[in-house]
Amino acid sequence: MALPSRVMTNDEIAQMVDTSDAWIRERTGIRERRIAGAKDSTATLALRAAKCALEVANVSPADLNLIIVATATPEYLFPATACLVQDWLGAENAGAFDLSAGCTGFVYALSLAAQTIISGAADTVLVIGSETLSRIVDWQDRGTCILFGDGAGAVVLRASNMPGGVLTTLLRSDGSGGELLALPGGGSRYPPSPTTVLNGMHKIHMNGREVFRFATRVMAQATRSVVEDAGLTLEDIALVIPHQANIRIIEAAARSLGMPMEKMYVNIERYGNTSSASIPIALCEAIESGRIKADDYIVLVAFGAGLTWGAATIKWVPTPPPASPLEQRAHAVRYWWAALRSAWRRFWRRLESRLKGPATASEK
Ligand code: ACO
Numbered sequence: 065m066a067l068p069s070r071v072m073t074n075d076e077i078a079q080m081v082d083t084s085d086a087w088i089r090e091r092t093g094i095r096e097r098r099i100a101g102a103k104d105s106t107a108t109l110a111l112r113a114a115k116c117a118l119e120v121a122n123v124s125p126a127d128l129n130l131i132i133v134a135t136a137t138p139e140y141l142f143p144a145t146a147c148l149v150q151d152w153l154g155a156e157n158a159g160a161f162d163l164s165a166g167c168t169g170f171v172y173a174l175s176l177a178a179q180t181i182i183s184g185a186a187d188t189v190l191v192i193g194s195e196t197l198s199r200i201v202d203w204q205d206r207g208t209c210i211l212f213g214d215g216a217g218a219v220v221l222r223a224s225n226m227p228g229g230v231l232t233t234l235l236r237s238d239g240s241g242g243e244l245l246a247l248p249g250g251g252s253r254y255p256p257s258p259t260t261v262l263n264g265m266h267k268i269h270m271n272g273r274e275v276f277r278f279a280t281r282v283m284a285q286a287t288r289s290v291v292e293d294a295g296l297t298l299e300d301i302a303l304v305i306p307h308q309a310n311i312r313i314i315e316a317a318a319r320s321l322g323m324p325m326e327k328m329y330v331n332i333e334r335y336g337n338t339s340s341a342s343i344p345i346a347l348c349e350a351i352e353s354g355r356i357k358a359d360d361y362i363v364l365v366a367f368g369a370g371l372t373w374g375a376a377t378i379k380w381v382p383t384p385p386p387a388s389p390l391e392q393r394a395h396a397v398r399y400w401w402a403a404l405r406s407a408w409r410r411f412w413r414r415l416e417s418r419l420k421g422p423a424t425a426s427e428k
């Protein structure tokens, strides 16, 4: 995982809009969130998380067949953030694309990665959830600016003969609720213009109450469904890692499932809602704090813009030993080499176009 170092507390937000620390904590469970600095972006956070994941998995970027970045705040409309990460990592053998499914993006990407591996089309896939929501939040709208934060998390999925890993997934959508949570400006429907900027159309628009109602309904349903599909019962599940949007949504899901809150992983108080990064960040913390052990069954469950929702049942397999200090140095050299190669290619492309002039008919 990768988080910006800048912490923004509720009290700071209370200086910008009419709210209070007490209200935000009571209604959402959020105490503080991380905010990207000038040098941070969705791609740089994604890269940092990706490097950590590759190191923990002890996988070389050259082994990657596919990179998926789930994000609602891509670096650009295009090229894909995943392609920037591919270049910076020097992942020469990987396809790369972004996936847009709101806060459910990571679960969608995980499901896609697992199915691609099961089909035999890929062996090793890097899945990243990365967001800089602070860049698209309306800092004058108290209904939304209190909720969101920035960060990234990543995992490496690899083909293996060992039983386990991603067992079942569920992906759902209901586009009729699209306007409940949207960023209307900047796409082909409302291309950027002074009017779209003046009307705040490049900021998050949300009907909080309706999203809340939808979320409390689907979280428990999706969890039940993937657990049953895996031939398990809720008692078999060691930990549920829900999307961190609002503590009351997580509590409602736990009540509906008849599960104690100890089985729900919660870190919303420190990071707020980091959209598609929230589950991989929580997963990473849960592993590091020993909440997930080998052979545990866990569930990831999320909902978000679209509307979308989804869940996955995972049997946690023992992670390989992390990279040794020597291997870590080798990784560092690889990244340095990747940067050099990328710079050389840019230079060569410019030189070639100068020397050769416009493309000839045969080149076209
Ligand atoms: N501080 C103080 N008062 C506030 C604030 C605030 N920050 N925000 C709203 N209020 C007021 C409202 O104006 C309203 O006042 P009124 O009764 O005088 O009209 C009152 O508090 C209650 O407003 P509600 O909207 O009913 O408040 P609610 O308890 O529903 O909490 C919240 C609002 C936190 C936004 C909640 O609805 C929520 O969490 N919804 C889900 C949002 C979500 O999960 N979004 C992410 C989706 S994932 C993705 O894809 C990005």
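Be aware that the sequence shown starts at 65, since it is given in our numbering, and climbs by one per residue.
Where a beta carbon is used, it is the ideal one built from N, C-alpha and C, also for glycine.
Spatially closest choice to residue i from the options, by CA coordinates
i      : options                        : result
Arg236 : Arg405, Tyr361, Gly169         : Gly169
Lys103 : Arg393, Ser69, Pro125, Val81   : Ser69
Glu333 : Leu67, Pro385, Asn310, Ala121  : Asn310
Thr377 : Ala341, Leu153, Ile301         : Ile301
Leu296 : Gly239, Ala178, Asp360         : Asp360
Ser240 : Glu274, Lys379, Gly207         : Glu274
Ser183 : Ala223, Gly354, Ala284         : Ala223
Thr233 : Gly250, Ala177, Ala155         : Ala177
Gly242 : Pro344, Phe278, Leu231         : Phe278
Ser271 : Gly354, Ser353, Gly370         : Note on identity: in this sequence residue 271 is Asn, with Ser being the wrong assignment. Among Gly354, Ser353, Gly370, the Cα nearest to that of Asn271 belongs to Gly370.
Ala396 : Val189, Gly154, Ala341         : Gly154
Val171 : Thr188, Val219, Arg253         : Val219
Asp202 : Glu195, Leu211, Ser194         : Leu211
Met72  : Gly213, Trp152, Ser175         : Gly213
Thr196 : Leu163, Leu244, Pro138, Glu156 : Pro138
Lys379 : Gly207, Ser340, Lys357, Thr338 : Lys357
Glu156 : Arg409, Leu364, Leu298         : Arg409
Pro384 : Thr83, Ala117, Ile77, Ala318   : Ala117
Glu352 : Glu90, Val120, Thr83, Glu76    : Val120
Pro125 : Val189, Ile343, Gln179, Arg405 : Val189
Ile94  : Glu299, Arg312, Leu130         : Arg312
Gly322 : Ile343, Ala284, Ser342, Pro344 : Ala284
Ala394 : Val123, Thr83, Glu76           : Val123
Ser340 : Ser320, Arg319, Gly368         : Gly368
Rounded C-alpha distance that separates residue i from residue j
i      : j      : result
Ala114 : Lys327 : 27 angstroms
Thr92  : Asp85  : 10 angstroms
Asp205 : Arg414 : 45 angstroms
Phe276 : Pro143 : 33 angstroms
Ile305 : Arg288 : 14 angstroms
Thr280 : Gly229 : 27 angstroms
Ile362 : Val381 : 11 angstroms
Cys209 : Ala100 : 14 angstroms
Met226 : Ile181 : 14 angstroms
Gly166 : His307 : 11 angstroms
Ala158 : Trp373 : 27 angstroms
Phe411 : Arg418 : 11 angstroms
Ala246 : Gln79  : 26 angstroms
Ala423 : Leu221 : 40 angstroms
Pro255 : Ala136 : 17 angstroms
Ala160 : Gly354 : 32 angstroms
Ala402 : Arg112 : 15 angstroms
Ser252 : Leu364 : 33 angstroms
Asp187 : Arg199 : 35 angstroms
Val81  : Ile88  : 12 angstroms
Arg398 : Ala346 : 29 angstroms
Glu315 : Asn74  : 21 angstroms
Met325 : Pro389 : 39 angstroms
Gly217 : Val191 : 9 angstroms
Asn263 : Ser175 : 37 angstroms
Ala286 : Pro248 : 28 angstroms
Asn129 : Glu76  : 43 angstroms
Leu231 : Leu298 : 15 angstroms
Pro36  : Thr83  : A query on residue 36 cannot be resolved here, the shown segment of the chain reaching from 65 to 428 and no further.
Leu404 : Glu416 : 18 angstroms
Ser105 : Asp293 : 38 angstroms
Ile131 : Ala318 : 33 angstroms
Pro344 : Gly193 : 7 angstroms
Integer-rounded CB distance, given that residue j should sit under 8 angstroms from residue i
i      : j      : result
Leu109 : Ala66  : 5 angstroms
Arg98  : Gly215 : 6 angstroms
Asp162 : Val133 : 5 angstroms
His266 : Thr260 : 6 angstroms
Asn331 : Glu349 : 6 angstroms
Leu141 : Ala107 : With 8 angstroms as the limit, Leu141 and Ala107 do not qualify as a contact, their Cβ atoms being about 13 angstroms apart.
Asn375 : Val290 : The sequence shown places Ala at residue 375, rather than the Asn named in the question. 4 angstroms between Cβ atoms; contact.
Tyr329 : Leu303 : 6 angstroms
CB contact check: residue i to chain B, cutoff 8 angstroms
i      : result
Ala366 : Any reference to chain B falls outside this structure, which holds one protein chain only.
Original post:
What are the complete alpha helix (DSSP H) segments, minimum 4 residues, inside the segment 277–360?
Top reply: 311–321, 332–335, 342–352
Original post:
Taking the runs of the alpha helix (DSSP H) that are 4 residues or longer, which of them lie wholly in the segment 100–139?
Top reply: 106–121
Original post:
What are the uninterrupted segments assigned as alpha helix (DSSP H) that are 4 or more residues long and contained completely in the segment 147–196, given in chain order?
Top reply: 169–182
Subject >> Whole runs of the beta strand (DSSP E) within the segment 212–251, excluding any shorter than 3 residues >> reply: 214–222, 229–237
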